[in-house]
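In the working numbering, the protein residues as written are 113 to 543. First up is the structure itself, then whatever we jot down about it.
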């Protein structure tokens, strides 16, 4: 039966009684999920925008401020992942999501003030709100959409995020290009981002179902014990650790390897042109756009998580080995990077496993913990790869291969951890 939460606009008072999960897709709940996924698109667009404005920002602030700004963003982003999940479980999507979208929009408006202090402060404020995008989308999908479609909608959410990254790059560059037809000031672009965010917050406020969270006991006294209880449930479950580590280890070959150092390896180690290197690594996010919803759909279709997860990880391992050790030109042009991106969509499967392996009343906290573990894995692996590269600015191909070894080993570890990971797909639960 459908959830008991009243649709948007209803006057019923919020209830802490958990709503039954629907068995069929309903337009109002699909729209609620889509607005959350649109928030994910939006936060990826604004997250990637500073990289496109690097010259303009460095001219205005100096290079040193950019590194501080980006590092601060990801530290706050990872820590807030733990907070947002608890808030969603305790108070529900309608009470939490519009406010966090508004916080993100305000961060953009502060950034638009133009100074280095405003830029760094505004960007960090954006991180506080932005983490609610993916966690909130996953929460809404797990709460209001049929259980057998969870992996598909998680994959579609990630697909929209990658599209947002592309939108934040090319159109933003066109807007601020001094030789372009528009040539808008970068401050005006951030002002526009802020206005869009406020409009999106208002839309979510109107559309999102008005219930008050997943668990009645979460609405008891706001004590440290009640706040820590969801974390105790999740962190005491070994399956949570398996899912989080697997997801993180399957992300880093593309985020750190391909997108972080891939172009440098191709141009410096393989001696290709930078134009070719940039085009080649750009195939990875295109692969994400294909692979995240595709592998999620396959997993939901067969009702099993592990076969898709293990199959995708094996393909990712094969592509990663080819990318690191096979000379350019042996495989068809761009094929390795594209297939690598598609296969890395398997990293989204553990997000579904994390929610399904834990009680339904902590699904928001589970999504937050999952993001925290994924970003934590990235935080550990990134400096390790950088340390193995050393301080030289002119690395040989062999030095790149040596530095990328932990990423390959990480995929193998993810495959090993997939063995004790329990199958949580609907086909197994049904039987």
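C-beta atoms are modelled at their ideal positions from N, C-alpha and C, and glycine is treated no differently.
**Prompt:** At what residue ranges does the region 443 to 495 contain a whole run of the alpha helix (DSSP H), taking only runs of 4 or more?
**Reply:** Restricted to the region 443 to 495, the alpha helix (DSSP H) segments that are unbroken, complete and at least 4 residues in length are 447 to 455 and 461 to 468, listed in chain order.
**Asked** residue 138 by DSSP, collapsed to three states: which one?
**Response** The count along the chain shown starts at 1 and reaches residue 138 at position 26. Reduced to three states, the DSSP call for residue 138 is coil.
**Item:** Beta carbon of residue 220 nearer than 9 Å to that of residue 306
**Value:** For the purposes of this step, residue 220 is taken as residue 108 along the chain shown, with counting starting at 1. For the purposes of this step, residue 306 is taken as residue 194 along the chain shown, with counting starting at 1. It is a contact, given that the beta carbons lie within the stated cut-off.
**Prompt:** Between residue 151 and residue 266, is the Cβ-Cβ spacing less than 9 Å?
**Reply:** Working through the chain shown from its first residue, we reach residue 151 at position 39. Working through the chain shown from its first residue, we reach residue 266 at position 154. For residue 151 and residue 266, no; Cβs fall outside 9 Å.
**Asked** Terminal residues of the continuous alpha helix (DSSP H) containing residue 215?
**Response** One-based indexing of the chain shown puts residue 215 at position 103. Looking at the DSSP string, the run of the alpha helix (DSSP H) that includes residue 215 is 205 to 223.
**Inter-residue Cα distance where the pair is residue 476 and residue 290** = Position 364 of the chain shown, counting from 1, holds the residue named residue 476. Position 178 of the chain shown, counting from 1, holds the residue named residue 290. The straight-line gap from Cα to Cα measures roughly 44 Å.
**Item:** Option nearest residue 246 by Cα separation, candidates 196, 279, 204 and 288
**Value:** Position 134 of the chain shown, counting from 1, holds the residue named residue 246. That would be 196, whose Cα lies nearest to the Cα of residue 246.
**Asked** Does the region 267 to 286 come close enough to the region 390 to 403 that 3 or more CB-CB pairs lie under 8 Å?
**Response** yes
**Contact set for residue 330: own chain, Cβ-Cβ below 6 Å, skip 5 residues either direction** = Along the chain shown, read from residue 1 onward, the residue named residue 330 stands at position 218. Note that residue 330 has pLDDT 48, beneath the 50 cutoff, so the model's placement of it is unreliable and no number is given.
**Prompt:** Based on Cα-Cα distance, which residue from 516, 262, 138 and 199 lies nearest to residue 499?
**Reply:** As a working note, residue 499 is residue 387 in the chain shown. The shortest C-alpha separation from residue 499 is found at 516.
**Prompt:** residue 173 to residue 487, Cα distance in whole Å?
**Reply:** On the chain shown, position 61 is the one that residue 173 refers to. On the chain shown, position 375 is the one that residue 487 refers to. Using only the alpha carbons, I get a separation of about 28 Å.
**Request:** Tell whether a beta-carbon distance below 9 Å holds between residue 427 and residue 459.
**Result:** Stepping through the chain shown from its first residue, residue 427 is reached at position 315. Stepping through the chain shown from its first residue, residue 459 is reached at position 347. Contact: no.
**Asked** Does DSSP put residue 180 in a helix, a strand or coil?
**Response** As a position in the chain shown, residue 180 is number 68, starting the count at 1. Looking at residue 180 - three-state DSSP - the assignment turns out to be helix.
**Prompt:** Could you give the uninterrupted runs of the alpha helix (DSSP H) lying entirely in the region 249 to 337, keeping only those of 4 residues or more?
**Reply:** 262 to 288 and 298 to 319
**Item:** Spatial distance of residue 480 from residue 181 (CA atoms)
**Value:** Counted from its first residue, the chain shown places residue 480 at position 368. Counted from its first residue, the chain shown places residue 181 at position 69. Rounded to the nearest angstrom, the two C-alpha atoms are 23 Å apart.
**Message:** Taking a contact to mean a Cβ-Cβ separation below 9 Å, would you say residue 143 touches residue 345 in this structure?
**Reply:** For the purposes of this step, residue 143 is taken as the residue at position 31 of the chain shown. For the purposes of this step, residue 345 is taken as the residue at position 233 of the chain shown. Against a cut-off of 9 Å, the Cβ pair of residue 345 and residue 143 comes out as no contact.
**Whole-angstrom C-beta distance between residue 237 and residue 208, which should lie under 8 Å** = The residue you call residue 208 lines up with position 96 of the chain shown. The residue you call residue 237 lines up with position 125 of the chain shown. By a beta-carbon distance limit of 8 Å, residue 208 does not contact residue 237. Their separation comes to about 16 Å.
**Message:** Taking 9 Å as the threshold (C-beta atoms), are residue 252 and residue 409 in contact?
**Reply:** Within the chain shown, residue 409 is the residue found at index 297, counting from 1. Within the chain shown, residue 252 is the residue found at index 140, counting from 1. In this structure, residue 252 does not lie closer than 9 Å to residue 409 by Cβ.
**Request:** Might you give, ordered along the chain, the residues of its own chain that have their beta carbon closer than 8 Å to the beta carbon of residue 539, omitting 5 neighbours on each side?
**Result:** In the chain shown, residue 539 corresponds to position 427, counting from 1. Result list for residue 539: 414, 415 and 416, in chain order.
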